Amino acid sequence: MKITSICCIGAGYVGGPTMAIIAQKCPHIKVTVVDLNEERIAAWNDPDVNNIPIFEPGLSDMVGEARGRNLFFTTEVEKGIDEAQMIFISVNTPTKTYGLGKGMAADLKYIELCARQIASVAKDNKIVVEKSTLPVRTAEAVKNILDNTGNGVQFQILSNPEFLAEGTAVEDLLNPDRVLIGGNDAQAIESLVEIYANWVSRDKILTTNLWSSELSKLTANAFLAQRVSSINALSEVCEKTGADVNEVARAIGMDSRIGSKFLKASVGFGGSCFQKDILNLVYIAKSYGLDEVADYWEQVVIMNDHQKRRFAHKIVQTLYNTVSGKKIAFLGWAFKKDTNDTRESAAIDVADYLLLEQAKVAVFDPKVGEKQVRYDLAYSATNELSNIDKNVTVYQDPYEACKGSHAIAVLTEWDEFKNYDWKRIFDSMHKPAFVFDGRNILDAKKMKEIGFVFSSVGSAY
Ligand code: UDX
Ligand code: ADP
36 MKITSICCIG AGYVGGPTMA IIAQKCPHIK VTVVDLNEER IAAWNDPDVN NIPIFEPGLS
96 DMVGEARGRN LFFTTEVEKG IDEAQMIFIS VNTPTKTYGL GKGMAADLKY IELCARQIAS
156 VAKDNKIVVE KSTLPVRTAE AVKNILDNTG NGVQFQILSN PEFLAEGTAV EDLLNPDRVL
216 IGGNDAQAIE SLVEIYANWV SRDKILTTNL WSSELSKLTA NAFLAQRVSS INALSEVCEK
276 TGADVNEVAR AIGMDSRIGS KFLKASVGFG GSCFQKDILN LVYIAKSYGL DEVADYWEQV
336 VIMNDHQKRR FAHKIVQTLY NTVSGKKIAF LGWAFKKDTN DTRESAAIDV ADYLLLEQAK
396 VAVFDPKVGE KQVRYDLAYS ATNELSNIDK NVTVYQDPYE ACKGSHAIAV LTEWDEFKNY
456 DWKRIFDSMH KPAFVFDGRN ILDAKKMKEI GFVFSSVGSA Y
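Taking the numbering used here, the leading residue of the sequence shown gets 36, the next gets one more, and so forth.
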């Protein structure tokens, strides 16, 4: 089937950027992105393209070029489904917060709703593409719903997991390492291959069976997260032994078998994928009785939780075992630089811990506003003692955030933090002025020359 009309359900961090690139690269295809969230769709349609709801370098230009031409954002979900030959499902699949599999299994209610909606609306044959990260064999459940509740039309299911990373989404979509398409029907697979072949060379488009494709996505995220937890585990050893984790990472990364990427020690990984996907893998392994496999991967998450707690604990310990009433400035709230996404950000857990110790937390992030910070904390707060309303202040100016603080914690690796007037910041702080660099981005030597008591992750400063 030559595809001329696509619908994507879900205008989030995956659906939005992916469809913008498909529309930009395939002017002959009409791409309609639908979402139930009216506010989000309104933002995607904002006349000022800089106000689209997702911040990604280069994305607003892409959207500006295709929007209104062959890229459309709408809340008319049913119309979008009806008109499309191919439907991408890009809805969220958070970890379950209730019932069986609570805290581990992926919550598939949004996926199921989508499948039921597609089945009830579709009047002609359609290809349904899973874009969201899903447990292995979800395609089977989707197919089952479609076939049993539909109008007798034919559905082909494909798995096409997205490997883009936030902050580099546009670049990753334009030049992917690979595109993965899993399916059982050669014609349906070829229809999707043809779309990507408009800008990706065919040797980078891999086709597999459905289950391999679904499992590859979980495996890729598990391996990446495992590398971060591995280097973070070593960062603690470095702090005790006098080794420097940056030097160790460089030394091992030059071994071509290991490679240099994803070896940056940090306050801990965040983002909507890593933890969720590993827990999902752990749940799948457990449900097949593979306890050793489950324990092996669960340790990656346990290590990450430890790293976040350890960072917060170090702040308390260094500040003479009490942060009660002390202003601690957070530089960064997003889970990584160049994104406004805060899901599972390490900053949230560190703040939660310090608030329980009665600290006054002052937050500045170049792309995250007050509403989001308060939402994140209200959702995660483990104890009402933390008194978020009173003890958290969100600033629009980094110098104001740091002024009068006892300590600064760098939680996100935004480039601009490196270029601040650190002498000015030092002069405005209580002394001794402490800096805890949770991202190893600041120049330790210079910071110490200014007078800071400086500590980073994975070295014995
Ligand atoms: C990840 C995968 O990279 C991507 O392929 C998948 O599609 C979605 O999940 P993302 O979560 O957007 O992407 O960002 P990523 O760059 O992988 O970073 C995840 C977390 O790990 C961030 O908090 C980041 O700061 C942290 N990290 C990453 C480190 O602490 N050290 C590193 O060396 C690399
Ligand atoms: P991701 O990072 O996976 O893209 P997001 O949470 O950013 O996740 O985006 C998922 C989007 O899917 C949300 O905007 C949500 O409103 C939308 N969504 C969820 N279920 C449905 C549905 N049944 N129909 C339309 N949109 C949906």
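Quick reminder that beta carbons are idealized off the backbone N, C-alpha and C, glycines included.
Small disclaimer: the values here were computed from a predicted structure and weren't measured.
Per DSSP, L94 is one residue of the alpha helix (DSSP H) stretching across 94 to 101. Here DSSP, grouped into helix, strand and coil, assigns Q191 to strand.
Look at S463: its beta carbon is at least 8 Å from all of the heavy atoms in the ligand UDX. The Cβ atoms of F346 and A444 lie closer than 9 Å to each other.
Cβ-Cβ distances below 8 Å link E229 to K37, I38 in the same chain, with the five nearest sequence neighbours on each side left out; the list follows chain order. Leaving aside the five residues that flank Y430 on each side, the residues in its chain whose CB is nearer than 8 Å to its CB run, in chain order, A397, V398, F399, A436. Looking at V403, D411, N422, the one whose alpha-carbon comes closest to that of D432 is V403. The chain-ordered list of residues whose CB is nearer than 5 Å to some heavy atom of the ligand UDX reads F198, A200, E201, V263, F297, K299, S301, F304, G305, G306, C308, F370, K371. Distances between the C-beta of Y355 and the heavy atoms of the ligand ADP are all 8 Å or more. Contact between V263 and M139 is ruled out by a C-beta separation of about 20 Å, above the 8 Å threshold.
For K137, the secondary structure class from DSSP, reduced to helix, strand or coil, is coil. Per DSSP, E274 is one residue of the alpha helix (DSSP H) stretching across 245 to 276.
Taking 8 Å as the cut-off, one finds at least one heavy atom of the ligand ADP near enough to the beta carbon of Q152. At a cut-off of 8 Å, the beta-carbon of C149 counts as near the ligand ADP: some heavy atom of the ligand is closer than that. By the Cβ criterion, the region 163 to 171 is in contact with the region 191 to 202, since at least three pairs of Cβ atoms, one from each stretch, lie closer than 8 Å. With contacts defined by Cβ atoms closer than 9 Å, I44 and G50 form a contacting pair.
For C149, the enclosing alpha helix (DSSP H) starts and ends at 144 to 156. Within the region 39 to 94, the runs of alpha helix (DSSP H) at least 4 residues long that lie entirely inside it are, in chain order, 50 to 60, 73 to 79. The three-state secondary structure of K438, taken from DSSP, is coil.
For S490, the closest C-alpha among the options T353, V214, D212, E448 is that of T353. In this structure the region 56 to 73 lies against the region 97 to 114, because at least three pairs of beta carbons, one per stretch, are closer than 8 Å.
Fewer than three Cβ pairs drawn from the region 232 to 249 and the region 269 to 276 lie within less than 8 Å of each other, which leaves the two stretches out of contact. A distance below 7 Å between beta-carbons, with the five flanking residues on each side excluded, links E111 to the following residues of its chain, in chain order: V69. Listed in chain order, the non-local C-beta contacts of L389 below 7 Å within the same chain comprise A347, I350, V358, I363, V396, local neighbours out to five positions each way being set aside. R75 has its Cβ nearer than 8 Å to a heavy atom of the ligand ADP. With a beta-carbon spacing of about 7 Å, G303 and N267 fall inside the 8 Å limit used to define contacts.
Within the same chain, and ignoring the five residues on either side of K438 in sequence, the residues whose Cβ sits closer than 7 Å to its Cβ are S463.
Counting only the Cα atoms, I192 lies some 11 Å from A221. E91 and N85 have their C-alpha atoms roughly 10 Å apart. Per DSSP, E165 is one residue of the beta strand (DSSP E) stretching across 161 to 165.
Between the C-alpha atoms of L298 and I146 there is a straight-line separation of about 34 Å. In the three-state reduction of the DSSP assignment, F107 falls in the strand class, which pools E and B. The beta carbon of F471 is closer than 6 Å to those of I350, A444, S490 in its chain, skipping five residues each way along the sequence. Under the DSSP assignment, K349 falls in the alpha helix (DSSP H) whose first and last residues are 326 to 353. Excluding five sequence positions before and after V335, the CB atoms of its chain that fall closer than 6 Å to its own CB belong to A260, Q261, S264, I313, given in chain order.
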